[in-house]
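Its first residue numbered 722, the sequence shown is counted upward by one per residue in our numbering.
Glycine included, every Cβ here is placed at the ideal spot set by N, Cα and C.
These notes concern the structure reproduced below.
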Amino acid sequence: MFVKHMKLQILTALLIVVSANATHHAMKANVWKAQCELATQLRKTPGQAKAKLNHLIESLKNLNMMKLKLQVYAAANPRSEYKDAAAVLAAQAEKPRAAALSGAEYAIDTGLRATAITADLAAALATPIMTIASAGGRSNYCLNSKGANKDTGSGKPEIAAAGCKELELDTLVTTDGMDAAAISAEGFPMHTAVTGAAGKGEASQCGMFTTTSNPTSSEGIKIGAGSDKFKMGYGTITVAADDKPNAPDLTKLNQGGDYGTLDIFKRAHKVSLELRQTPSPKDLTKGKELLKELAEQPSIISLTQDHLAATSPGKKASQLTSEATTAKTNYFCDNNNKLEAMWSDIEGTQVKGSKDDTNEQQQIKALGDADTLERFWLTILQLMNELF
């Protein structure tokens, strides 16, 4: 009888050990790896927003400088053979500048919203992983390695390289935004759902995903279905049953152009796409190459008509189509062959209007900022008014 009783106790003890060994599982890498990598991609947004705004600013500065140089030249050289061409090209430079300015508010608004929302989600993705990684202590681990065998080994040393780390100061260095494979029209393709026991990793490593017997008097956290579901990071990780951490499907956030009810995941995807699709001003060259681009714009004829009408009393611009075509050829030649000589004349022209001495002369090419050019232009206009 005693022997039978001892066998029963030993068997019970073994069952307890087996039961203990089958619980307290770490979380597989299929949950944390995708989240860290998406956080990395989302953190590229500020650099992309900055690059787009820098491009806009540089384009505006470039066009404004060209317009002012042409205006200064035309005002300073009323008898030059290029004065009419300069006036028309100055008007042409204003068109893309005005177009870029009209889109600036949307570009700034989109960049700021995208930066704020993606930064929020990136933190919501990375922080829980970093928290879980620290819960295992020195001897155990709560995250499994992302190596070939995802059920064993510690993933704690791997999360920083995957993207789960503090935001770094060089976040503005990357200017191209998310990798093409990281975002699609529908969602974030690399962040697929993890359901059921698919995220259940190595046993006897971490009790973080095991429910407490009593949340008010026992160690641990409450885990269960419904309102007892344990959530981290806006629901980036959810646990509704012991040792079964799950992750949401972020691959189909926008279906057929419809987001439905917005949440943080859908907002982040929406603003990321909007930022990527925000039009940037056309890359513009400088100097004579920019003059050539301006002269080749389709609107140059209508601007020439406007210029001719301003100097032809009784004539409307709409009546001067053929004259404008002839004038354009006279201004630039058939293949814009006059532009190189014109640009050399513009840059070499001496003008007066220094801030310290209005009699001081400088070449237009030496006037390197918009304020200086505007001051010279206003000085020339004032002198012309005094003369006439």
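In its chain, beyond the 5 residues on either side, 832, 893, 896 have a beta carbon closer than 8 Å to the beta carbon of residue 771. Of the residues assessed, residue 891 falls on the exposed side of the cut-off, its CB having fewer than 16 other CB atoms within 10 angstroms. DSSP, read as helix, strand or coil, puts residue 1056 in coil. For residue 1082, there is no enclosing alpha helix (DSSP H); the enclosing beta strand (DSSP E) covers residues 1082–1084. In the same chain as residue 1024, and ignoring 5 residues on each side of it, the C-beta atoms closer than 6 Å to its own belong to 809, 812, 813, in chain order. Collapsing the DSSP output to three states places residue 992 in a helix.
In the DSSP annotation of this structure, the continuous segment of the alpha helix (DSSP H) that includes residue 809 starts and ends at 804–823.
Non-local C-beta neighbours of residue 760 in its own chain, meaning closer than 7 Å and more than five positions away in sequence, comprise 843, 846, 847, 884, 885, ordered along the chain.
Each of 905, 789, 767 was checked against the Cα of residue 978, and the nearest Cα belongs to 905. Restricting attention to alpha helix (DSSP H) runs no shorter than 4 residues, the region 991–1031 encloses them at 1008–1016, 1021–1031, ordered along the chain. Judged by pairs of C-beta atoms under 8 Å, the region 976–994 does not touch the region 781–790, as fewer than three such pairs exist.
Apart from sequence neighbours up to five positions away, the residues of its chain that approach residue 1008 with a beta-carbon distance below 7 Å are 1064, ordered along the chain.
In this structure residue 837 is exposed. Its beta-carbon is surrounded by fewer than 16 other beta-carbon atoms within 10 angstroms. Of the candidates 780, 802, 747, 776, the residue whose Cα lies closest to the Cα of residue 1052 is 802.
When C-beta atoms of the region 857–870 are compared with those of the region 912–919, fewer than three pairs fall below 8 Å, so the two segments do not count as touching.
No residue range can be given for residue 921, since it is assigned to no beta strand (DSSP E) and is classified by DSSP as neither H nor E. The residues 813, in chain order, have a CB closer than 6 Å to that of residue 1021 in the same chain once the five nearest residues on each side in sequence are set aside. In the three-state DSSP reduction, residue 752 falls in the helix class (H, G or I). If you look at residue 915, you'll find it isn't in any alpha helix (DSSP H); DSSP assigns it neither H nor E. Shown here, residue 982 sits in coil according to DSSP, grouped into three states, outside any helix or strand. Across the structure, residue 1086 and residue 910 are spaced so that their CA atoms are roughly 52 Å apart. For residue 959, the enclosing beta strand (DSSP E) begins and ends at 958–960.
In this structure the region 861–868 does not lie against the region 820–829, because fewer than three pairs of beta carbons, one per stretch, are closer than 8 Å. The beta carbon of residue 970 lies closer than 7 Å to those of 913, 914 in the same chain, with the five residues before and after it left out.
For residue 953, the enclosing beta strand (DSSP E) begins and ends at 951–953.
Residue pairing by DSSP puts residue 864 in a beta bridge opposite 748. In summary, residue 757 is buried, with 16 or more beta-carbon neighbours lying within 10 Å of its beta-carbon over all protein chains present.
Assigned with DSSP and collapsed to three states, residue 968 falls in strand.
No Cβ-Cβ contact shorter than 7 Å links residue 744 with residue 835. The criterion of a C-beta distance shorter than 7 Å is satisfied by residue 807 and residue 794.
Looking at the DSSP output, residue 932 bridges to 942.
The residue among 1088, 972, 966, 929 with its C-alpha nearest the C-alpha of residue 753 is 966. Judged by beta-carbon spacing, residue 769 lies within the 7 Å limit of residue 898, meaning their Cβ atoms are closer than that value. Separation of residue 959 and residue 946 (C-alpha to C-alpha, rounded to the nearest whole angstrom) is 10 Å. Between residue 921 and residue 746 a beta carbon distance of about 5 Å is seen, short of the 8 Å cut, so the two are scored as contacting. Linking residue 930 to residue 964 through their CA atoms gives a straight-line distance of about 5 Å.
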